[in-house]
Amino acid sequence: MQMADPVIKIENVKLFLAGQWIHCGINLEVQRGEIIGIVGGSGSGKSTLLREILALLTPTSGNIEVFGKDLNKISSTELLKLQCRWGVLFQQSALFTSLNVIENISFPLQEHTKLDKTTIKELALIKLLAVGLPMDAATKYPAELSGGMLKRAALARALVMDPELLLLDEPTAGLDPQGAEEFDALVLNLRKVLGLTIVMVTHDLDTLWQITDKVAFLSEGRVLEFAPMTKLTLSKQAAIATYFQGPRGRMTQHLYEGNHGI
Numbered sequence: 086m087q088m089a090d091p092v093i094k095i096e097n098v099k100l101f102l103a104g105q106w107i108h109c110g111i112n113l114e115v116q117r118g119e120i121i122g123i124v125g126g127s128g129s130g131k132s133t134l135l136r137e138i139l140a141l142l143t144p145t146s147g148n149i150e151v152f153g154k155d156l157n158k159i160s161s162t163e164l165l166k167l168q169c170r171w172g173v174l175f176q177q178s179a180l181f182t183s184l185n186v187i188e189n190i191s192f193p194l195q196e197h198t199k200l201d202k203t204t205i206k207e208l209a210l211i212k213l214l215a216v217g218l219p220m221d222a223a224t225k226y227p228a229e230l231s232g233g234m235l236k237r238a239a240l241a242r243a244l245v246m247d248p249e250l251l252l253l254d255e256p257t258a259g260l261d262p263q264g265a266e267e268f269d270a271l272v273l274n275l276r277k278v279l280g281l282t283i284v285m286v287t288h289d290l291d292t293l294w295q296i297t298d299k300v301a302f303l304s305e306g307r308v309l310e311f312a313p314m315t316k317l318t319l320s321k322q323a324a325i326a327t328y329f330q331g332p333r334g335r336m337t338q339h340l341y342e343g344n345h346g347i
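Terminal number for the sequence shown in our numbering: 347, no gaps in between.
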């Protein structure tokens, strides 16, 4: 059976930035419905790769296709349409501090649709509830929210346009263990209910073991290996072995071996 076209296709992407090569030939494909993790040491270009996928950075060479569209060749109008098909959760949530939660969630609908205010508010409330926030959170401002609530509010905003692709940058950073566990479970449920394709940059070993289908390990400007955690943690490549075989990595591996998933 022929495999469907990938949601994301990255071919030999190289990026020269700030006087150095960040990427030296990245190759990666993400299939529809997958949850993919991107990991690597500090400075390996993980978040930079997300920005390239989002067309916030243009590679020095190589091609990136999203939903079959070559980002190097599409017009600004086509790019705007494409951007409405993905949602993004940035590491610091990036909510507007002067807007309350429901206004933050509503913002993409106000910018990209011609829906009336009542419909926009109703759709925003649906997403607020979908990510597990209570109704009374709608009128709160970002400064009044806990770290977990901030993440959920930002996730609701990322989902309000009903995207097919969700990109997450360190989604559990700053959360306590229970909050991180609940967020992982939420992401899994959203994939199941909404049929999302999800790409995340994370250093959270629990997240990698519990919810990813495959993980891309970045080092020296390339994807060294792209495999499920059960295989990736057995790699003999020095950079990968060092990353996963420290005391914390071994402890997490032993916990999840034979018991993968939430």
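Note that the Cβ used here is the ideal one computed from N, Cα and C, for glycine as well.
Check T282 in the structure and name its three-state DSSP category.
DSSP places T282 in strand when its eight states are reduced to three.
Does DSSP classify A89 as helix, strand or coil?
Here A89 carries a coil assignment [DSSP, helix/strand/coil].
Is Q116 helix, strand or coil by DSSP?
Looking at Q116 - three-state DSSP - the assignment turns out to be coil, as it is neither helix nor strand.
Since F152 sits in a beta bridge, which residues does DSSP pair it with?
Residue pairing by DSSP places F152 opposite no residue, since no beta bridge is assigned to it.
Spatial neighbours of M336 within its chain, please: C-beta separation below 7 angstroms, excluding the five flanking residues on both sides.
The pLDDT assigned to M336 is 49, lower than 50, so where the model puts this residue is not dependable; a value taken from the coordinates is nonetheless given after this. The answer is none, since no qualifying residue turns up.
If we count the other Cβ atoms within 10 Å of its Cβ and call it buried at 16 or more, is M314 buried or exposed?
Per the 10 Å Cβ criterion, buried.
By a C-beta neighbour count over all protein chains shown, 10 Å radius and 16 as the cutoff for buried, is A59 buried or exposed?
Since the first residue of the chain shown is 86 and the last is 347, residue 59 is not available in this structure.
Entirely within the stretch 214 to 283 and at least 3 residues each: give me those beta strand (DSSP E) ranges in chain order.
For the beta strand (DSSP E) assignment, the uninterrupted runs of no fewer than 3 residues enclosed by the stretch 214 to 283 are, from N- to C-terminal side, 250 to 254.
Distance between H108 and N274 (C-alpha atoms, nearest Å)
N274 and H108 have their C-alpha atoms some 33 angstroms from each other.
Alpha carbon to alpha carbon, what distance is there between E305 and K202?
Computed Cα separation, rounded: 49 angstroms.
Take every Cβ of the stretch 185 to 199, pair it with every Cβ of the stretch 235 to 245, and state whether three or more of those distances are shorter than 8 angstroms.
Remark: three or more beta-carbon pairs, one from each stretch, lie closer than 8 angstroms, so the stretch 185 to 199 and the stretch 235 to 245 are flagged as touching.
The alpha helix (DSSP H) that contains L174, what's its start and end?
Not the alpha helix (DSSP H): L174 falls in the beta strand (DSSP E), residues W171 to L174.
DSSP three-state assignment for S132, whether helix, strand or coil
Three-state DSSP puts S132 in a helix.
What separation, rounded to the nearest whole angstrom, lies between the Cα atoms of L184 and G217?
Taking the straight line joining both Cα atoms gives about 20 angstroms.
Hey, how far is the Cα of Q87 from the Cα of G130?
With a pLDDT of 46 at Q87, under the threshold of 50, the predicted position of this residue should be treated as unreliable, and no value is reported.
Boundaries of the beta strand (DSSP E) in which E305 is found, first to last residue
Annotation: E305 is outside any beta strand (DSSP E) and is labelled neither H nor E by DSSP.
What is the C-beta distance between V92 and F152, in whole angstroms, given that I count them as a contact (C-beta under 8 angstroms)?
Sure, about 6 angstroms apart at Cβ, within 8 angstroms.
Contact set for F311: own chain, Cβ-Cβ below 7 angstroms, skip 5 residues either direction
Answer for F311: L113, K299 and A301, listed in chain order.
Just to confirm my understanding: we take V348, look at its own chain, exclude 5 residues before and 5 after, and list those with CB closer than 8 angstroms. What are they?
There is simply no residue 348 to check, as the chain begins at 86 and stops at 347 in what is shown.
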